[in-house]
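**Q**
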Amino acid sequence: MEHDTAEAVIRKYAAMVYRLAVAQLRSRDEAEDIVQEVFLRYLKTGPTFESEAHRKAWLLRVAVNCCRKAQRSPWRRMEPLSELLPAPERVDQELLALLEDLPAKYRTVLHLFYYEGYRAEEIGPLLGRKASTVRCQLTRGRALLKQKLEGEHDHGGTKLPGDL
Numbered sequence: 001m002e003h004d005t006a007e008a009v010i011r012k013y014a015a016m017v018y019r020l021a022v023a024q025l026r027s028r029d030e031a032e033d034i035v036q037e038v039f040l041r042y043l044k045t046g047p048t049f050e051s052e053a054h055r056k057a058w059l060l061r062v063a064v065n066c067c068r069k070a071q072r073s074p075w076r077r078m079e080p081l082s083e084l085l086p087a088p089e090r091v092d093q094e095l096l097a098l099l100e101d102l103p104a105k106y107r108t109v110l111h112l113f114y115y116e117g118y119r120a121e122e123i124g125p126l127l128g129r130k131a132s133t134v135r136c137q138l139t140r141g142r143a144l145l146k147q148k149l150e151g152e153h154d155h156g157g158t159k160l161p162g163d164l
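Under this note's numbering, the sequence shown has 81 at position 81, and the numbering climbs by one with no breaks.
1) Between which two residues does the alpha helix (DSSP H) containing Lys56 stretch?
2) Excluding the five sequence neighbours on either side, which residues of its own chain have a C-beta within less than 7 Å of the C-beta of Lys214, listed in chain order?
3) Ends of the alpha helix (DSSP H) at Asp29?
4) What number of angstroms, rounded off, separates the C-alpha of Ala31 from the C-alpha of Ala15?
5) Put Ala14 into one of helix, strand or coil per three-state DSSP.
6) Tell me whether the stretch 60-72 and the stretch 17-35 touch, counting them as touching only if at least three CB pairs, one residue from each stretch, are closer than 8 Å.
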């Protein structure tokens, strides 16, 4: 593990940390700050890792913690996620907009599960939650998405007053 240079680690994981930060904070500028903070901590602490998966988990955990700290900042402002980060081709813009409307606890677990490929048992320690809590949040997040999708299709894609 130690043979990887700091530059190689940053090149390999910066995009992953950035995506997670944007998903949590909904701001490109703040996400860029989080990426810098995460890798600054990586360089300062010089942790040793048992495996590449351990390094990846450590970086994600630090990113989650930095995002939580940023969310508590009184200077924080919210911007729509869909305007900040172009969605990958495989992700539908409608789905991205629906994800953006979900509460952060569901948005985060859905992002780690679907975009980063983590299982509930791996997400739990990253977020400081039990795996059963993560599974419940995944189920509820999916149910909210389904509700929103069905609601939009019932009205021809437009929401009526009073729709959630």
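Glycine residues also receive a C-beta, built at the ideal position from the N, C-alpha and C atoms.
Since this is a predicted model, take the numbers as computed values, not measurements.
**A** So, from the listed chains and residues:
1) 52-71 is the span of the alpha helix (DSSP H), which, as asked, contains Lys56.
2) Given that the chain is displayed from residue 1 to residue 164, the structure contains no residue 214 and the question cannot be resolved.
3) Under the DSSP assignment, Asp29 falls in the alpha helix (DSSP H) whose first and last residues are 28-45.
4) About 10 Å.
5) Ala14 falls in the helix class under three-state DSSP.
6) Yes: the two stretches touch, three or more of their Cβ pairs being nearer than 8 Å.
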